[in-house]
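Numbering (this note's numbering), first residue to last: -10 to 325.
Every residue gets a Cβ at the ideal spot worked out from N, C-alpha and C, and that includes glycine.
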Amino acid sequence: MPEGHTVHRLARTFHDLFVGQTLRVSSPQGRFADGAALLDGQVLVAAEAWGKQLFLGFAAARAGATAERWLRVHLGMYGAWTFAGDGSADVVHAIGAPRRRIGERETVPAGPDDPGTGDDWEPPAPRGAVRVRLLGEHAVADLTGPTACEVITPGEKAAVEARLGPDPLRPDGGRGSRDAARADFVERVRRSRVPVGRQLMDQAVIAGVGNVYRAEVLYRARVDPMRPGHDVPASEIGGMWDDLAVLMRDGVARGYIVTTRPEHRDAGGGAVPPVAAGRARRRPRQNADGEPGAVPVEEAFYVYRRDGLPCRVCGTPVLTRELAGRNLYWCGTCQG
DNA sequence: CCGTAATGGACAG
DNA sequence: TGTCCCTTACGGT
């Protein structure tokens, strides 16, 4: 269940593990047999992310370097990539040791306990319904449960990208420049009366934001999620873009989402109001493929899945309702 | 042990 | 609006 930061991290991992290599592509589950046959034996020449979309570019020969076919993958709600490697130095670096989560599922280096000897490495048998297996020189990547997985042409890739909004994690924002991307987002939100909390979930308005970043960026900007986009000052919308660029980039670096400032965490010495007694708690959880522990998940968010708990700043119970088909969380006091 | 929600989104009707 | 994708962690029993 990734948001954009996870997919960009995945693109980086594919780049590190596989780009420049001839790959064996198969579909152990069988449902992607035709697509796998198209890519099998080709060279991976690119790994890109735009919002929650992952694009892996293939070419017949390394020399060309221009992708002729693209594998488009969208993980959706419970898709996952599982990686295993032979323990050689570069792979250990890329996968992380001793274990690491990517996408959503746990990743375990499959080699013996002697890193560096990958000569007779055999990839592990696929576990579960593996739609696609990519096998490179030193590692294997298995895809399970995706919403989308297809082989497309460069033209079809361009058509998919044309439907996506600007992405704060792309170097040029997906609009040629960071300034143009920011302006595009502001203009798009303000030309509609649709509630800003709904627009943030629209991948044509901004690509890569999901339910966690939606709730958290609105809280940090003190914006009422139900406010029509047209009524939100441009400075506040632009400020949310800038904040998302920081938060999501931090998410890429950490491998998980943290939006709280240290002074607002329970252990930060802040004036955190006491928890209401007797309420059943349901702790949030999230993807975490980075090193755990720096900020525990209970401390990572201001409002996401904290309904009924006191606001970290004002103490008012956090509210929830459905918006855009997902549960929205916000503070009715701070986000008046 | 079982039921359910979950960081999404495509598609049918 | 409902279905699919078909996994996983968690809470309640």
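Segments of 3+ residues assigned as beta strand (DSSP E) that fall wholly inside the region 1 to 42: 13 to 15 and 32 to 39
Three-way DSSP call (helix, strand, coil) for Gly367 in this model: Given that the chain is displayed from residue -10 to residue 325, the structure contains no residue 367 and the question cannot be resolved.
Using the beta-carbon count (16 or more within 10 Å), is Glu311 buried or exposed? Glu311 should be labelled exposed.
Would you grab the beta carbon distance between Val206 and Phe174 for me? Rounded to a whole angstrom, and I think it's under 8 angstroms. Their Cβ separation, rounded to whole angstroms, is 12 angstroms, which puts Val206 and Phe174 out of contact at 8 angstroms.
Beta carbon of Val129 nearer than 9 angstroms to that of Gly24: no
Should Leu6 and Leu43 be called a contact, given that it needs their Cβ atoms to be closer than 9 angstroms? no
Could you give the C-beta distance for Val121 and Cys138, rounded to a whole number, given that I count them as a contact under 8 angstroms? 6 angstroms
Which listed residue (Asp168, Tyr202 and Leu124) has its alpha carbon closest to that of Arg315: Tyr202
Tell me whether His127 is buried or exposed, calling it buried when 16 or more other Cβ atoms sit within 10 Å of its Cβ. buried
Name the DSSP beta bridge partners of Tyr383, please? With the chain covering only -10 through 325, there is no way to say anything about residue 383.
Proximity of Leu123 and Arg209 at Cβ, strictly below 9 angstroms: no
Would you kindly report the start and end of the unbroken alpha helix (DSSP H) that includes Trp230? Trp230 -> alpha helix (DSSP H) spans Ala223 to Arg243.
Is it a yes or a no for the region 138 to 157 touching the region 52 to 68, going by three-plus beta-carbon pairs under 8 angstroms? By the Cβ test, the region 138 to 157 is in contact with the region 52 to 68, since at least three Cβ pairs between them sit closer than 8 angstroms.
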